[in-house]
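Residue numbers (the numbering used here), protein chains in the order written: chain Y, 664 to 1236; chain D, 235 to 571.
Backbone N, C-alpha and C define an ideal beta-carbon position, used for all residues, glycine too.
Working notes for the structure below.
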């Protein structure tokens, strides 16, 4: 019987849907039991509480940051954050420009410092050291060797005699000397360190001594390993002083051996080499021996924590670029929970209103809408949970808003479909064929409109940043879920429902009552327009009837060869 | 509901027809004046749009779990640290206070945080401080505008391919711009802050507005697909019938889409106070209503007008009109019910 075909198809579709849902549940269960999956999606900072820091690279105007630099920086920052014991921190790039660090809870200042300091380590020979001037000299205070406005611009900036090595005092030009004299340790600017081949004016971290340093002789990239530990005397007794032990690679070892050999022969401050971190001198020890094994030890005013932090920074490397904090956003966990709860309440209220409206508009057919929304919700929830396990997706408030908005767009597919079925009923078709014909037309429209919606989501996801992405993801996801549900659930359900007496008889509560829809009553469960009208009459139908004729009607009349006469005496009681 | 159902039937059969396409000049006039108000209004009333802290940069403090939501407490607390910071205080939920100020230095931030904690008698951990650089909001908007342009180009191409006429794309885009301008204008006139959340809302309107237009245009495509046969309707009448036939769907969809958004807006505005949910849902609610309106009253009439000049359409309309004249003549002769 022809009747069984749609039913078979319907059950097949429903089976596929069942397989899909069970598959998703199984995948998620696999995640929960074997890996660190969960039955609930992870929440973003605005819902869970935590701190989000956005770091913007500091580059000279006109210069750009390459994506390699950014990726490298992300990797280094990630290692630093993880080594500080903060778990579940997330570090991402944003818009090919910024780095976003998301940390649960409220990090202390030390953690923040650890994240953003660039950890550019340099070894420079000391040329001049002296007491800082101790008074503010305003804008002169800069660590760059470039002439500053208040320094007499006529002073020579090129050495009179070309320096022979990095300790050569010929580096000190009159301009550099003037700058050094005016230098204020309080106003030090470490974001723009002098080029490696130029001398540098800077101060001890605590501002106690200021220096003119020679060009960079060994830099942090040649460090193979760094550990922290307490300094030991030659006899092996610990001194209680924390130090950072560095192990150079072969290149660093030979360079460092050269420097220490040369400095060892010099006297006074020139015997010292300065260890410069991010433009500050962390210590400037005197060279007591040539270190040829490539394993120097840095001491300064370290405690256990700061020495560990520095060792980590040195080990994981310096950031290729300096960063400044562009925004730092802390959300308390209580606030996040309140937002989530209220967002969910809003969604629930919205859902109840939609259900009520659907029932009012489509009567019991509205129940199919409700069930479809339920299925869509289950699939979406599972997908989001799996995404948050596999891809580290986190549900943000904007994402929740996207989901709530999706209720409307998903329900629209059902509305388009139901209206098409009603249109077919109005054309006098039986319920079964109305469902099939309406589906064919509706599917086209649903696919076309969903493609546009999905496109919007995809473009936003690829091009936009931050919160917009989370929103775009939920929007795109729900668009796909919408298609799945309408094809594998709503349509099969309607096919099955069309078989029941309740709907097929066009019960007035079914929402598919042909009488209420204006079709002509032609006996029990048959609302076919009469086929007795001659074809001549069709061609000479009245102007009024022709005007009323829809395309669908015309096509139907062409097919069946029936008249399109109809009455609109439907009563919905 | 009987009347609504009847209304739908009548619209479908054409027994009742709202002449939407025919009165296009009226709709254009309304749209034109709305756009003018949206463009000029914000500047006349408030001297421009109000941008959120994300765009202007500044510091933000949120006090949670406080018993008092008195705003002067916050103002005084901030003034005691930074006298010229001009704090903007708003309440969040039933136990939170949000204070936004100009950008403060790190030391000032810590001091304000402490003083707020003391003033509201909460532990310091319940006062969070954030600072937002002035470029953050611009970054997100810059990206959003880029996304917008790419999306419009792609959507335009896809629609032109699907409907096999670029004129539908143009009509849809015009309606879309109308929606965006009016929604933005609403923000400007009412003085709601434009925050990144609101920008997200604007972007969603794009998707929704086009989505809605595609559904109605698909029906128009169906009704105007003459297959060379003589339809009894002119092109504009076919478009008008399609709009009428989808009117019930348009109303149902916009109600169903607006209900959840309205409930977010309600919860967002009255329970939570200022924040992401309120900003996003306000833009969406207006966008959904305006988007549905513009599909019916702008996109469809404009499309009919754009196609009207075409030779094939003109020919068809002429044929339809003569056929109708003949039909009515023969109907007069052959008296049928």
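Residue 432 of chain D to residue 393 of chain D, Cα distance in whole Å? 27 Å
Below 8 Å on C-beta distance, what does residue 316 of chain D contact in chain Y? Here the premise fails: no neighbours, minimum Cβ distance about 18 Å.
For residue 991 of chain Y, list the residues DSSP reports as bridge partners. Y:716 and D:365
With the cut-off set at 8 Å, would you say residue 1319 of chain Y and residue 733 of chain Y are in Cβ contact? Coverage of chain Y is limited to positions 664 through 1236, which leaves residue 1319 of chain Y absent and any answer about it impossible.
I'd like to know if residue 993 of chain Y contacts chain D, where contact means its C-beta is closer than 8 Å to some C-beta of that chain. yes
For residue 324 of chain D, list the residues DSSP reports as bridge partners. DSSP lists D:332 as the beta-bridge partner residues of residue 324 of chain D.
Applying a beta-carbon distance threshold of less than 8 Å, which residues of chain Y neighbour residue 551 of chain D? Neighbours of residue 551 of chain D on chain Y: none; closest Cβ ~15 Å, over 8 Å.
Output the boundary residues of the alpha helix (DSSP H) element that contains residue 702 of chain Y. In the DSSP assignment, residue 702 of chain Y falls outside any alpha helix (DSSP H) and carries neither an H nor an E.
Can you find at least 3 beta carbon pairs, one from the stretch 466–485 of chain D and one from the stretch 419–435 of chain D, that sit closer than 8 Å? no
Residues, ordered as in the chain, of the stretch 354–365 of chain D that lie near chain C by beta-carbon distance below 8 Å: Protein chains Y and D are contained in the structure displayed, whereas chain C is not.
Identity of the residues DSSP links to residue 1238 of chain Y by a beta bridge: A query on residue 1238 of chain Y cannot be resolved here, the shown segment of chain Y reaching from 664 to 1236 and no further.
Can you tell me where the beta strand (DSSP E) with residue 962 of chain Y in it begins and where it stops? 960–962
For residue 365 of chain D and residue 1133 of chain Y, I'd like the C-alpha separation in whole angstroms. Near 22 Å, if we compare the C-alpha coordinates of residue 1133 of chain Y and residue 365 of chain D.
Say whether chain D places a C-beta atom closer than 8 Å to the C-beta of residue 1120 of chain Y. yes
Where residue 531 of chain D falls, given that 16 or more other Cβ within 10 Å makes a residue buried: buried
Beta-carbon proximity list for residue 761 of chain Y, same chain, < 7 Å, skipping 5 on both sides: 717, 718, 719 and 989
Unbroken alpha helix (DSSP H) run spanning residue 255 of chain D, endpoints: Premise fails: residue 255 of chain D is in no alpha helix (DSSP H) and is neither H nor E.
When we look at the beta-carbon of residue 259 of chain D and count the other beta-carbons within 10 Å, is it buried (16 or more) or exposed? exposed
Could you say which of D:442, D:336 and D:344 lies nearest to residue 527 of chain D if we only look at CA atoms? D:442
CA-to-CA distance, residue 707 of chain Y to residue 1139 of chain Y, given in whole angstroms: 18 Å
Which chain D residues sit within Cβ distance under 7 Å of residue 1082 of chain Y? Those are 482 and 483, listed as they occur along chain D.
What are the start and end residues of the beta strand (DSSP E) that includes residue 1037 of chain Y? From DSSP, residue 1037 of chain Y is part of no beta strand (DSSP E) but of the alpha helix (DSSP H) over 1028–1053.
Tell me, please, whether the CB atom of residue 270 of chain D is closer than 8 Å to any CB atom in chain Y? False, the Cβ-Cβ gap to chain Y never drops below 8 Å.
Rounded C-alpha distance that separates residue 1203 of chain Y from residue 245 of chain D: Residue placement at residue 1203 of chain Y cannot be trusted, given a pLDDT of 41 that sits under 50; what the coordinates show is reported in the next sentence. Rounded to the nearest angstrom, the two C-alpha atoms are 24 Å apart.
Could you give the distance in angstroms between the alpha-carbon of residue 1198 of chain Y and the alpha-carbon of residue 466 of chain D? Any reading at residue 1198 of chain Y needs caution, since the residue's pLDDT is 40, under 50, leaving its predicted position unreliable; the model's value is listed next. Near 17 Å, if we compare the C-alpha coordinates of residue 466 of chain D and residue 1198 of chain Y.
What residue does the alpha helix (DSSP H) around residue 1116 of chain Y start on, and which one ends it? Segment 1094–1126, the alpha helix (DSSP H) holding residue 1116 of chain Y.
Residue 380 of chain D versus chain Y: which residues are under 8 Å apart at the beta carbon? 1126
Whose C-alpha, out of D:381, D:314, D:272 and D:296, is nearest the C-alpha of residue 1124 of chain Y? D:381
Range covered by the alpha helix (DSSP H) that runs through residue 417 of chain D: First-last of the alpha helix (DSSP H) with residue 417 of chain D: 400–424.
Beta carbon of residue 535 of chain D, beta carbon of residue 255 of chain D: below 8 Å? yes
Give me the Cα-Cα distance between residue 298 of chain D and residue 341 of chain D, rounded to the nearest whole angstrom. 22 Å
Who are residue 786 of chain Y's beta bridge partners in DSSP? Y:881 and Y:938
What residue from Y:887, Y:694 and Y:878 has the CA that sits closest to residue 1046 of chain Y's CA? Measuring from the Cα of residue 1046 of chain Y, the nearest candidate turns out to be Y:694.
Positions along the stretch 505–530 of chain D whose CB lies within less than 8 Å of some CB in chain Y: 505, 506, 509, 510, 511, 514, 515, 518 and 522
Counting only Cβ-Cβ distances shorter than 7 Å, please list the residues of the stretch 401–427 of chain D near chain Y, keeping chain order. none
Locate the alpha helix (DSSP H) running through residue 345 of chain D, then write down its first and last residues. 340–354
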